[in-house]
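Residues 1 to 369 in full-length UniProt numbering are what the sequence shown lists, from first letter to last.
We put the CB at the ideal spot given by N, CA and C, even for glycine.
Since this is a predicted model, take the numbers as computed values, not measurements.
Here the structure comes first, spelled out in structure tokens, and everything after it is commentary.
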Amino acid sequence: MSKPVCLDDYEAYARQKMEAPHFGFFCTGAEDEVTLRRNKEAYNELIIRPRVMVNVKDIDLSTSILGQPIKTPICIAPTSNHRLAHPEAEKATVRASAAHGTCFCLSSYSNCGMETVMNEATKVDPNSLQWFQLYVDRDRKVTEQMVRRCEKAGFKAIVLTVDLPTLGRRLTEERAGFKLPDFIRFGNFQDEHSGRGPNRHFGYDVDASLNWKDVAWLKSITKLPIVVKGVLRGDDAALAVKHGAQGIIVSNHGGRQLDHSPASIEALPEIIEAVRGTSVEVYVDGGIRHGSDVFKALALGARAVFLGRPIIYGLAYNGEDGVKQVLSQINKDLTTTMTLAGCTSIDKITRDYVAPRIPLSVRLLAGKL
1 MSKPVCLDDY EAYARQKMEA PHFGFFCTGA EDEVTLRRNK EAYNELIIRP RVMVNVKDID
61 LSTSILGQPI KTPICIAPTS NHRLAHPEAE KATVRASAAH GTCFCLSSYS NCGMETVMNE
121 ATKVDPNSLQ WFQLYVDRDR KVTEQMVRRC EKAGFKAIVL TVDLPTLGRR LTEERAGFKL
181 PDFIRFGNFQ DEHSGRGPNR HFGYDVDASL NWKDVAWLKS ITKLPIVVKG VLRGDDAALA
241 VKHGAQGIIV SNHGGRQLDH SPASIEALPE IIEAVRGTSV EVYVDGGIRH GSDVFKALAL
301 GARAVFLGRP IIYGLAYNGE DGVKQVLSQI NKDLTTTMTL AGCTSIDKIT RDYVAPRIPL
361 SVRLLAGKL
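Structure follows, in structure tokens:
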């Protein structure tokens, strides 16, 4: 294959390089994978309305999230088991993130422990930004201990995942009889060498009784801001705000949980409307493969976007350098989109730059042409 020139190319390389069951673990969605596909397809239902005759000589991608400056609105989403893609696992990923000056969100089920990951990040940039994704354990003492470690390690926010009361059915995994290999350990549970082995699978100790009162409880035990991940409805967004969330990630868990749920970008406008008038920031993940996708999400009101699978595919392609290449590619794409759309900075990407793609036949019938 030739040199990758877009994010989909990295997926093709990862499919070739990774063991088939390991690639399948990352690429699969729930049941018929309708939501998995919709996450990407829904972006094609939005058009960009460019401005012309604008001085676009200098393009600035910098922004901030929760008051922390980042060089780009393209951040790295929490994904588990980076070691399935590369031996250096999250250490390689976070070094690439720090080098690009963006936010890296570490999964609870990372293979490298949070202290190890933070140490790698600070070697590259002592001021680099890391968030920690948290599942609430049935044993609240385990969760509280995890939060204390996050604070001590230097993470700047807790990302509470709320869309996993149980695992969604991933038929591709079931048919393949997928099991994590023996070398996999979860570094945030004890350490990389003695942590929970592969038989302690994801969601094993996740509390299905989790409710909004637990967000208030979490706020009561930490001064770190709480970002709620997995919201797809405006009324849930309003409840998140009511119970003290300072950020919301609009997400359907990469189409891996409830099939036939909305694409993240479809749900985004409702969430933006629900938090209007508050200081709560809204982010989105799922299906983002192009700079134009990022532009559309920002135009609809997202403060930043989070990339999941493409980061894993870059890691499989060439470790730390592969992740850097993925980040460079999509940031270059975003710069090109902004230039062609007539936007010179992130704060100038506003709602009027996008519109629904209405089929010509519908427009003709409606007398719009």
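Look up S110 in the DSSP assignment and say whether it is helix, strand or coil. Residue mapping note: residue 110 aligns to position 110 of the sequence shown, counting from 1. Correct three-state label for S110: coil.
What separation, rounded to the nearest whole angstrom, lies between the Cα atoms of L300 and H290? Within the sequence shown, the letter at position 300 stands for residue 300. Within the sequence shown, the letter at position 290 stands for residue 290. About 16 angstroms.
Exposed unless 16 or more other CB atoms sit within 10 angstroms - verdict on R185: Working through the sequence shown from its first residue, we reach residue 185 at position 185. By the neighbour-count rule (16 or more Cβ atoms within 10 Å), R185 is buried.
Comparing C-alpha positions only, which one of T63, A176 and I265 sits nearest to N39? Numbered from its first residue, the sequence shown carries residue 39 at position 39. The residue with the shortest Cα to Cα distance from N39 is I265.
8 angstroms contact criterion, which Y283 and R256 should meet: CB distance rounded: For this step, residue 283 is matched to residue 283 along the sequence shown. For this step, residue 256 is matched to residue 256 along the sequence shown. With 8 angstroms as the limit, Y283 and R256 do not qualify as a contact, their Cβ atoms being about 18 angstroms apart.
Suppose you measure from the CA of L61 to the CA of A176; what does that come to, to the nearest Å? Stepping through the sequence shown from its first residue, residue 61 is reached at position 61. Stepping through the sequence shown from its first residue, residue 176 is reached at position 176. Cα-Cα distance, rounded: 42 angstroms.
Within the same chain, show all residues whose beta-carbon is closer than 7 angstroms to that of S2, passing over the 5 residues directly before and after it, in chain order. Locating residue 2 in the sequence shown gives position 2, counting from the first residue. Nothing meets the Cβ criterion.
Sort out for me which residues DSSP pairs E266 with in a bridge. Counting from one through the sequence shown, the residue named residue 266 turns up at place 266. Paired residue(s): none; E266 is not in a bridge.
For the beta strand (DSSP E) that L46 lies in, which residues bound it at each end? Translated into positions along the sequence shown, residue 46 becomes position 46. From DSSP, the beta strand (DSSP E) with L46 extends over L46 to I48.
Helix, strand or coil at A20 [DSSP, three-state]: For the purposes of this step, residue 20 is taken as residue 20 along the sequence shown, with counting starting at 1. Three-state DSSP puts A20 in a helix.
Going by other Cβ atoms of all chains shown within 10 Å of its Cβ, with 16 needed for buried, is D285 buried or exposed? Within the sequence shown, numbered from 1, the residue matching residue 285 stands at position 285. D285 comes out buried.
Alpha helix (DSSP H) segment containing S97, residue limits: As a first step, residue 97 is located in the sequence shown; it is residue number 97 there, counting from the start. For S97, the enclosing alpha helix (DSSP H) begins and ends at A89 to H100.
Are the beta-carbon atoms of V294 and I311 separated by less than 8 angstroms? Here the question's residue 294 lines up with position 294 in the sequence shown. Here the question's residue 311 lines up with position 311 in the sequence shown. Using a Cβ distance threshold of 8 angstroms, V294 and I311 do not count as a contacting pair.
Taking the alpha-carbon of F155 as reference, which of K141, D139, R169 and L134 has the nearest alpha-carbon? Numbered from its first residue, the sequence shown carries residue 155 at position 155. Of K141, D139, R169 and L134, the residue nearest in Cα terms is L134.
So does E33 have its beta carbon nearer than 7 angstroms to some heavy atom of the ligand GTP? The ligand content of the structure shown is nil, which means the ligand GTP is not present either.
Expected contact under 8 angstroms - CB spacing of V147 and I158 to nearest Å: Taking the first residue of the sequence shown as 1, we reach residue 147 at position 147. Taking the first residue of the sequence shown as 1, we reach residue 158 at position 158. The pair is a contact, with the Cβ atoms about 7 angstroms apart (cut-off 8 angstroms).
Would you report the Cα separation of K123 and A77, rounded to the nearest angstrom? Taking the first residue of the sequence shown as 1, we reach residue 123 at position 123. Taking the first residue of the sequence shown as 1, we reach residue 77 at position 77. One C-alpha to the other measures close to 21 angstroms.
Please confirm whether C75 and V305 have their CB atoms less than 8 angstroms apart. Mapped onto the sequence shown, residue 75 falls at position 75. Mapped onto the sequence shown, residue 305 falls at position 305. Yes, Cβ-Cβ distance for C75 and V305 is below 8 angstroms.
Residues of its chain near V34, where Cβ-Cβ distance is below 6 angstroms and the 5 sequence neighbours each way are ignored: Numbered from 1 along the sequence shown, position 34 holds the residue referred to as residue 34. Once the five neighbours on either side are set aside, the close Cβ partners of V34 are D259 and H260.
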